[in-house]
Every structure is written in C-alpha cells, then in structure tokens.
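In the working numbering, the protein residues as written are 86 to 545.
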C-alpha cells in the first residue's frame, strides 16, 4: 500500500478515526491489525517472515533479561542469526550464488547450487534492523524487556515506518504504545501539513524528476554530456525528495495519532563535509551503524589507522545493506574514501585557507552526486557507461526537453527555499492551516505525477 495512493488515504482516515474512537486498552490491537493489513497489501504471504522474526526476538529478549553470564550472549546471537539469516536468504542468497557461479566458471567448474525464485520482502532491511535494535538494547541493559507480545509486535510492525523507516530504537517508541494518546488539534494540523509536504516532495518533485532521470540513465548512449550532468544532479534531488518525502509522511501520520518518530533528514545537501552529510542523511540508519557497528569496533577511541579502518568497514557494510550488488558496495566505498580523505586533510593540512561555505557545500554535493551513479545503476558496466557519457566531451544540447528542465529547476529552487526557512524555524508552522492545506491540494493536483510510483527505498 503506497503512501501516494488513494487506497492509503482511505486507510489512513479509517485507522486514525478508529484509533481515537477505541478505548486505550484496545488501540494496540487496532494498530497491529492495521499494520498487518498494510503490509499484506504488498505480498500477503511475507507476513509469515515478519511473524517468524517477531516470535524469535520476543522470546530472545525475555531470555536475555532472565539469563546471566554467557547465556545472555547466546540468546543475543540466536536472535541475530534469525534476523541476519532471513536477510541472507531473501536478499543476498542469489547474489552470493551469482558470485560463486562466476568464480567456479573461472576454473571451469559448473555451479549446481540452485537459485531461489523469490521476491525480496518489501522493507525487509528496515524492520530487521529495528528488531535487532531491540535485542541489542535489552542485552546492553538500556531497555526493559517488553512482555506484552502484541505491543512488541507493534514495535516491529508499526505501519507508518514499517517499510522504509525511520528505524526506531525501542526506548524511543515502545513506551509510547503504552501511553494513552489524547486528541490534540495543534498536533493534528502539524502532522497533516507534514504529510502534505512529503506528498509534494514525492509526487510533484521526485516523480517529475524521475521522468528525465530514467530516460537518461536507461539509455546513456543516446544522450550528450549536458543531459547526463542534468540527470546526475536531478537524481540527487529525486532520491532526496523521494526518501525524505516518505519519512515526512511516516512522521506526520504517526504524529496525528500522538506518536513521535525521530527525524530522519535535516537538509543534507547543505552539508559542508561528507561527515556532516551523514549526520543529516538517513539519520536513523547512520546512527544505527554508529551505535551497533562503529563504536563496538572501537569507534574513534583507537589509533588513527584503526579508526579509518572502522570507517571503511561501516561504509562498506552500509552499502551492502542497501542492496545485493557490487555497485552498492562501491557506493559505500566511495563515501568511505571521501570521509577518510577529509579527515586526513584536516589532520595533515590544518593550515589550508578556509573555503567559503558555498564552495564546501557545492563540493560535497558534487561528490555525493557522482557516488549516486553507482547507487542508481544496477550494474558496474552500466555505471561506467554513464561516466563515459559524462566525460565524452560531446556538449551538443541534445536529448532532454529544455522546457521540462527549466520547470524542474524552478521546482528545485522552491524546494530549497522552503526547506531553508523551515530549518530555521525548526518546525512546520500550523498558522493559516486551512489555506496551506488548500494550497497543497491545488499544487499537488495540478503539478503532480499520479502514476503511483513506488518509493525508491522500498527495494531495501
């Protein structure tokens, strides 16, 4: 069930209305049922995978709290094996099998390991990481075990953030399911405006940019250097509007019911360094890797060489988390290089003249945009074709409709001005609520692309 569909609009209205009509003690059951329906709207049978990991992690959490000594770690490992095992089978099995086939063919050996003809369960990486957060935090003693099975299941399956985050920690959200959420009109208005802002970013900007991006990236040989540059820049904006738009809708949907989800984006393209970019982009995932991988590896409390090693490991794993493809690993590796080089420059060349903020911001945007090529293109050769076109030297204005480009640029300018002022205010003001809602409805209706395009991050 896509956020940018009429089906979801009716679903949201029905669930929210019933939520405040139900007594507090029954609301968890309503939300859990609604979340199951929401998830089963994609591929119904995959609810069984969610159910399997939920049962394993629920039991593991109780046993971790009860156990002492090495047994605590054994139950944690059991939980991790279950979650990572599901990821390995459904997301990475065929990837490893492909690489095994290629390796064996080099030696003239045939691979008889069968391939799995299965679809990737939608949002698998997101709810798997959220479930793992729970057992990690129980093991560390930062979270009391949740003995209400229904509420624990709701923690993993809460429908606004089930498919593409934010990836919540149990101490941030579990207690909210126990608290009685009262109707609050100001909170309702704020949530609705945030939902409309997310829909605007997705339907009006991201899906319109996709028309140009897809045509160029699908056939880079047919386009000249200017068109490829435009597609590279537009994809950077497209993926931001697509993913942050989803997060806005998720946070706004939860806010209407009284639940507070964490911020997932904070104007990342205004960053002055790659390190700052990753503090502003997909914050819930960046902080997840920091807390559960980077710090356990030693973080920055080790030698400089080991710190750089830790950074590289985190970015490579992060790239692989995004997808079962070497291109995602390369994408993560590029960001690791950018980060390490930035730290080395800061350490060994501290006396370099400070550049204007606009230069730093532009430099980060260029690096991030070039790395996105490997993220967007599924194959290595395809990404190389884009780079060949980028540096072909053919500057003939050919390929993309100029009026459409100007239209998209104007939308990007509106986006940046709006987000700049909203970041300064640090909220989404609810003044003139009805006028704003009417404005959003008219703009989205007149300028939107209503093809119900799936959100990019649903594939992860």
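Using N, Cα and C, we set each Cβ at its ideal position, and we do this for glycine too. Predicted, not measured: the structure shown is a model, and the values here were computed from it.
Residue 294 (DSSP reduced to helix, strand or coil): It is helical.
Unbroken alpha helix (DSSP H) run spanning residue 239, endpoints: Taken as a continuous stretch (DSSP letters only), the alpha helix (DSSP H) holding residue 239 covers 234 to 242.
Pairwise C-alpha distance: residue 347 and residue 251: So the two alpha carbons sit approximately 7 Å from each other.
When 280, 98, 151 are compared against residue 332, the one with the closest alpha-carbon: Its Cα nearest to that of residue 332, the residue 280 stands out among 280, 98, 151.
Residue 445 - containing alpha helix (DSSP H), residue span: 442 to 461 is the span of the alpha helix (DSSP H), which, as asked, contains residue 445.
Segment contact, 8 Å Cβ cut-off, at least three pairs: the stretch 314 to 330 with the stretch 449 to 467: They touch, by the three-pair rule.
Contact belief for residue 124 with residue 132 at Cβ below 8 Å, rounded distance in angstroms: Yes, they are in contact, since the Cβ atoms of residue 124 and residue 132 sit about 6 Å apart, within 8 Å.
Reference residue 501; option with closest CA among 208, 352, 90, 299: Ranking 208, 352, 90, 299 by CA distance to the CA of residue 501 puts 352 first.
For residue 108, the nearest candidate out of 233, 265, 205, 209 (CA to CA): Of the candidates 233, 265, 205, 209, the one whose C-alpha sits nearest the C-alpha of residue 108 is 265.
Meets three-Cβ-pair contact criterion under 8 Å: the stretch 297 to 310 and the stretch 236 to 243: No: fewer than three Cβ pairs fall under 8 Å.
Per-residue DSSP class, three states only, for residue 383: Three-state DSSP puts residue 383 in coil, outside helix and strand.
Residue 541 in three-state terms, based on DSSP: Look at residue 541 here: in three-state DSSP terms it is helix.
Given residue 288 as reference, the closest of 413, 330, 356 once Cα atoms are compared: The candidate whose alpha carbon is nearest that of residue 288 is 330.
Through-space distance from residue 388 to residue 421, alpha-carbon basis: C-alpha of residue 421 to C-alpha of residue 388: approximately 17 Å in a straight line.
Rounded C-alpha distance that separates residue 428 from residue 400: In a straight line, the C-alpha of residue 428 is about 15 Å away from that of residue 400.
Among 128, 404, 339, the one whose alpha carbon lies nearest that of residue 267: The alpha carbon of residue 267 has as its nearest neighbour, out of 128, 404, 339, the alpha carbon of 339.
Residue 220 vs residue 171 beta-carbon contact at 8 Å: No.
Supposed contact pair residue 475 and residue 310 - C-beta distance, whole angstroms, cut 8 Å: Yes, residue 310 and residue 475 are in contact; Cβ-Cβ is about 6 Å, under 8 Å.
Expected contact under 8 Å - CB spacing of residue 454 and residue 317 to nearest Å: With a Cβ gap of about 5 Å, residue 454 and residue 317 count as contacting.
Residue 473: first and last residue of the uninterrupted alpha helix (DSSP H) it sits in: That run of the alpha helix (DSSP H) goes 465 to 475.
CB contact flag (residue 402, residue 378, <8 Å): Pairing residue 402 with residue 378 gives a Cβ-Cβ distance under 8 Å.
Proximity below 8 Å, CB of residue 87 to CB of residue 103: At least 8 Å separates the beta-carbon of residue 87 from that of residue 103.
Under the three-state DSSP convention, the category residue 227 falls into: Coil.
Endpoints, the alpha helix (DSSP H) within which residue 271 is located: Start and end: 270 to 284.
Test item: CB-CB of residue 260 and residue 135 under 8 Å: In this structure, residue 260 lies away from residue 135, with their beta-carbon atoms at least 8 Å apart.
Range of the contiguous alpha helix (DSSP H) that encloses residue 352: Membership of residue 352 in any alpha helix (DSSP H) is not indicated, and neither H nor E is assigned to it by DSSP.
Simplified DSSP assignment, three categories, for residue 392: Here residue 392 sits in helix by DSSP.
Member of 416, 424, 368 whose CA lies at the smallest distance from the CA of residue 395: Checked all of 416, 424, 368; the closest Cα to residue 395 is 424.
Candidates 149, 194, 313: closest to residue 479 by CA position: Of the candidates 149, 194, 313, the one whose C-alpha sits nearest the C-alpha of residue 479 is 313.
Beta carbon of residue 342 nearer than 8 Å to that of residue 118: No, the pair does not count as a contact, with Cβ atoms beyond the cut-off.
Selection from 113, 106, 112, 122 that minimises the alpha carbon distance to residue 92: Distance from the Cα of residue 92 is smallest, within the candidate group 113, 106, 112, 122, for 122.
Proximity of residue 499 and residue 315 at Cβ, strictly below 8 Å: Between residue 499 and residue 315, the CB-CB gap reaches or exceeds 8 Å.
Nearest neighbour of residue 467, chosen from 426, 306, 188 [CA to CA]: Cα-wise, what sits closest to residue 467 is 306.
Proximity below 8 Å, CB of residue 518 to CB of residue 274: The answer is yes: Cβ separation under 8 Å.
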